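Reviewing the structure listed below.
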Amino acid sequence: MGGIADTPSKVGKRASLRQIHIWGLLVCISLLSTLAWGDHFIHIGSVNGLDVQVEFMGYEELSERGEFLYEKGDSLIYRLRIKNRANRAFSPIEVQSSLHSDGIQCNPKSFYPGETLPGSSVSPVHQAALSAGNDYEYDVKYNIPSDICSSSGNLKVRIQFTQFGRIQSSSLIAPIHFHVD
Numbered sequence: 058m059g060g061i062a063d064t065p066s067k068v069g070k071r072a073s074l075r076q077i078h079i080w081g082l083l084v085c086i087s088l089l090s091t092l093a094w095g096d097h098f099i100h101i102g103s104v105n106g107l108d109v110q111v112e113f114m115g116y117e118e119l120s121e122r123g124e125f126l127y128e129k130g131d132s133l134i135y136r137l138r139i140k141n142r143a144n145r146a147f148s149p150i151e152v153q154s155s156l157h158s159d160g161i162q163c164n165p166k167s168f169y170p171g172e173t174l175p176g177s178s179v180s181p182v183h184q185a186a187l188s189a190g191n192d193y194e195y196d197v198k199y200n201i202p203s204d205i206c207s208s209s210g211n212l213k214v215r216i217q218f219t220q221f222g223r224i225q226s227s228s229l230i231a232p233i234h235f236h237v238d
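So, in structure tokens, the structure goes:
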């Protein structure tokens with residue numbers, strides 16, 4: 058009879074161990090998917106310890122060439138992040154971003170390479186004070202005109218600050234492109 062009494066407790070232990078393994082597996086999958094899908098920022102460049110990153114949002118899909126695809130008449134939204142990785146404070150910094158065409162000839166309007174897109178493609182100037190280790194983010198929304206030609210373009214970021222009494226200014230161009238269809 059001792060064997061019969063032990064059987065239910067062993068079955069219960071196996072079932073609870075199985076549940077622990079399943080829950081552990083689910084936690085691992087959740088953690089890995091968070092790491093894989095979490096931060097979508099793309100590094101643009103660094104200037105004197107200021108790390109500049111961008112995240113494009115609201116796009117339809119990624120093209121085979123890695124371009125973010127948007128539809129005419131939709132909104133092209135991106136978030137810019139400036140991280141201070143330097144061992145000093147920056148006060149203030151000025152940041153401005155803009156969207157530029159890769160160049161296209163079509164009706165009603167052609168764009169030469171580097172020309173800003175029509176409408177509000179240039180963000181306002183953003184000012185921030187960044188102490189060491191801190192970051193600053195802002196979002197930009199560009200309403201894509203419905204009559205714009207299908208074309209691709211890129212993002213340009215201008216950053217300016219004072220260092221040792223001199224104004225330092227740099228422009229960075231994102232290594233990725235967007236495409237409007």
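Going letter by letter, the sequence shown gives residues 58 to 238 in this note's numbering. All C-beta atoms in this analysis are idealised placements derived from N, C-alpha and C, irrespective of residue type, glycine included. A quick note: this is a predicted structure, and the numbers were derived from the prediction, not measured.
Quiz item: Between E151 and the rest of its own chain, which residues show a CB-CB distance below 6 Å, the 5 nearest in sequence each way excluded?
Solution: V182, Q184, Q217
Quiz prompt | DSSP state of R138 mapped onto helix, strand, coil | solution = strand
Practice problem: Check the C-beta distance from H157 over to N200 and give it rounded, since I have them as a contact under 8 Å. | Solution: Wrong, their Cβ atoms sit about 17 Å apart, outside the cutoff.
Quiz item: DSSP on T91, reduced to helix/strand/coil?
Solution: Interpretation of T91 is limited by its pLDDT of 34, a score under 50 that renders its predicted location unreliable; no figure is taken from the coordinates.
Quiz prompt | Rounded straight-line distance, which links the Cα of F98 to that of G190 | solution = 17 Å
Practice problem: Please work out which residues of its chain come closer than 7 Å, Cβ to Cβ, to I230, disregarding the five sequence neighbours upstream and downstream, and give them in chain order. | Solution: N211, K213
Quiz item: By how many angstroms is the C-alpha of G102 removed from the C-alpha of D108?
Solution: 6 Å
Exercise. Go ahead and pull the three-state DSSP assignment for R145.
Key: coil
Quiz prompt | Segment limits, beta strand (DSSP E) that includes G281 | solution = There is no way to answer for residue 281, as the model of the chain reaches only from 58 to 238.
Exercise. Note down the Cα distance separating Y135 from P170, rounded to an integer number of angstroms.
Key: 21 Å
Exercise. Confirm, please, whether the CB-CB distance from T173 to S299 is below 8 Å.
Key: Any property of residue 299 remains undetermined from this structure, which presents the chain solely from 58 to 238.
Quiz prompt | Cβ-based neighbour list, V104, same chain, cut-off 6 Å, excluding 5 preceding and 5 following | solution = I216, S227
Quiz prompt | Cβ-based neighbour list, S148, same chain, cut-off 7 Å, excluding 5 preceding and 5 following | solution = A186
Quiz prompt | N-terminal and C-terminal residue of the beta strand (DSSP E) that Q110 is part of | solution = 107–114
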